[in-house]
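This report concerns only the one structure given below.
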Amino acid sequence: MRFLNKRPKIDEVRDELNTVMEVMESDYFVVLDLLLFSIIFTLLLSPSIQSLKLSVLIFCGNFGIFTGLYFFIVNRFFKNKIYF
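Here this note's numbering is used: the first residue of the sequence shown is 11, the next is one more, and so on.
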């Protein structure tokens with residue numbers, strides 16, 4: 011059955027890989043990922059948080075700090091990336 015499958019050309023593989031890398035590095039995807047990580051971090055801290063106000067404050071603080079770190083440090087230094 012192996013002879014039925016053709017190996018894709020290297021240019022097609024590169025194009026697909028570049029498309030995936032563009033999606034993974036898009037700012038919307040990163041912000042969504044940071045939102046998810048902030049929610050998980052807040053839920054992991056929930057046994058030690060006494061009130062709902064404090065948990066919302068911790069969530070907003072985490073999201074703000076992580077987003078600020080991404081946009082002002084990581085995005086600034088690694089803006090010109092070349093893969094292939």
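Yeah, the Cβ is synthetic: ideal placement off N, Cα and C, and Gly gets one too.
Residues of the same chain with a CB within less than 7 Å of the CB of Phe73, apart from the 5 flanking positions on each side, are Leu44, Leu45, Ser48 in chain order. Counting other Cβ atoms within 10 Å of its Cβ, Thr29 stays below 16 and is therefore classed as exposed. Ser65 sits close to Thr52, with the two beta carbons spaced by under 9 Å.
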